[in-house]
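Numbering (this note's numbering), first residue to last: 616 to 917.
Just so it is clear, CB atoms sit at the ideal spot from N, CA and C, and this is done for glycine as well.
A short worksheet on the structure shown next.
Laid out in structure tokens, this is it:
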């Protein structure tokens with residue numbers, strides 16, 4: 616393991632062991648302080664966040680983009696502070712910490728036994744949303760996690776999410792899709808973060824007026840298993856309760872090839888994500904390159 620990897624693992628370990636012991640007001644203040652320091656340093660991630668927000672809020676002045684990126688970093692650090700502390704939250708705190716609108720799309724889909732795929736962008740705290748599903752709805756689900764370096768850090772994330780009641784599969788390795796399909800055919804729930812294609816071979820979509828790629832997995836799973844495909848967006852307001860919206864189902868087109876159907880469905884997902892992100896841009900934590908115009912073809916997403 617490299618020195619940088621050891622340092623990353625040690626810092627995350629310190630976060631999980633120390634931050635979760637803080638009183639909540641202290642954790643909130645710490646997160647905001649770290650966010651403001653990072654924002655003032657104008658590092659690569661903050662500049663990329665502003666560049667991405669410029670697509671979401673066309674015509675925004677530099678001052679407005681700076682304001683958004685500051686709010687975005689505070690939202691991002693709120694996600695981390697909550698995630699470090701989430702394993703210590705009581706069931707009641709988890710159940711009252713999220714207020715999703717139109718949850719009937721999810722509960723009706725699960726009750727029908729057809730299986731449900733929830734697809735989300737990198738907004739607010741999807742780990743909290745997942746913990747709410749496993750506690751409030753008492754519904755386990757399966758998800759996929761990108762393999763992080765070092766491996767010990769990936770193991771920390773897997774253990775953390777499994778501790779919240781999730782089944783976690785590695786993104787790489789090739790067997791995840793088959794396992795997800797089996798869970799759905801059994802009437803289960805699958806949750807996937809789906810606004811950034813990690814394989815550089817996803818489906819091209821229009822997103823805020825420019826082309827990018829998003830994963831084909833959610834649309835393919837819905838086609839192959841008959842599962843319901845539901846976009847979900849999340850955001851914070853001024854309260855301690857995270858907000859959310861379950862969007863109407865993405866229908867499988869009646870005609871076309873598998874690729875054509877996948878393209879139409881993934882574009883529908885992108886449109887739902889865009890609606891949620893446009894309403895709450897500061898809660899979209901996209902600190903990486905996303906649009907094709909920004910990507911180095913030789914390297915893919917970074």
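- If you check the CB distance, residue 754 and residue 804 come in under 8 Å.
- By the C-beta criterion, the segment 815-831 is judged not to be in contact with the segment 845-863, since fewer than 3 inter-stretch pairs fall below 8 Å.
- Taking all protein chains shown into account, residue 896 has 16 or more neighbouring C-beta atoms within 10 Å of its C-beta and is therefore buried.
- Counting only residues of its own chain and dropping the five nearest sequence neighbours on each side, residue 835 has a CB closer than 8 Å to the CB of 792, 873 and 877.
- Of the residues assessed, residue 890 falls on the exposed side of the cut-off, its CB having fewer than 16 other CB atoms within 10 angstroms.
- Of the candidates 745, 631 and 884, 884 places its Cα closest to the Cα of residue 829.
- By the beta-carbon neighbour count (other beta carbons within 10 angstroms, threshold 16), residue 638 is exposed.
- Pairing residue 783 with residue 749 gives a Cβ-Cβ distance that is not under 8 Å.
- With contact defined as three or more Cβ pairs closer than 8 Å, the segment 721-738 and the segment 666-677 are not in contact.
- Counting of Cβ neighbours within 10 angstroms places residue 875 among the exposed residues, the total staying below 16.
- Judged by DSSP secondary structure, residue 710 falls within the alpha helix (DSSP H) whose first and last residues are 706-710.
- Annotation for residue 831: 817, 818, 877 and 881 place their beta carbon closer than 7 Å to its own, counting only its chain and skipping 5 residues before and after.
- Here the alpha carbon of residue 847 sits roughly 10 Å from the alpha carbon of residue 864.
- A buried status is given to residue 840, since no fewer than 16 other beta-carbon atoms sit within 10 Å of its beta-carbon.
- By the CB criterion at 8 Å, residue 857 and residue 737 fall outside the cutoff.
- Secondary structure of residue 638 (DSSP, three-state): coil.
- Boundaries of the beta strand (DSSP E) around residue 850: 843-851.
- The beta carbon of residue 745 lies closer than 8 Å to those of 756, 758, 776, 779, 780, 781 and 806 in the same chain, with the five residues before and after it left out.
- DSSP, reduced to helix, strand and coil, places residue 700 within a helical segment of the structure shown.
- Closest by C-alpha distance to residue 843, out of 827, 859, 825 and 866, is 866.
- Of all C-beta pairs linking the segment 665-673 to the segment 693-702, fewer than three are shorter than 8 Å, placing the two stretches out of contact.
- Residue 719 sits exposed, since fewer than 16 C-beta atoms from the chains shown fall within 10 Å of its C-beta.
- Counted as a single uninterrupted DSSP element, the alpha helix (DSSP H) harbouring residue 839 occupies residues 832-840.
- Taking each of 747, 741 and 774 in turn and checking the Cα distance to residue 706, the smallest one comes out for 747.
- Straight-line measurement puts the Cα of residue 692 at about 10 Å from the Cα of residue 644.
- For residue 859, the pairing in a beta bridge is given by DSSP as 715 and 849.
- When the five nearest sequence neighbours on each side are left out, no beta carbon in the same chain lies closer than 7 Å to the beta carbon of residue 886.
- For residue 826, the enclosing beta strand (DSSP E) starts and ends at 825-829.
- For residue 905, there is no enclosing alpha helix (DSSP H), since its DSSP letter is neither H nor E.
- Residues 650, 651, 653, 654, 661 and 664 of the same chain have their beta carbon placed closer than 8 Å to that of residue 688, with the five preceding and five following residues left out of the count.
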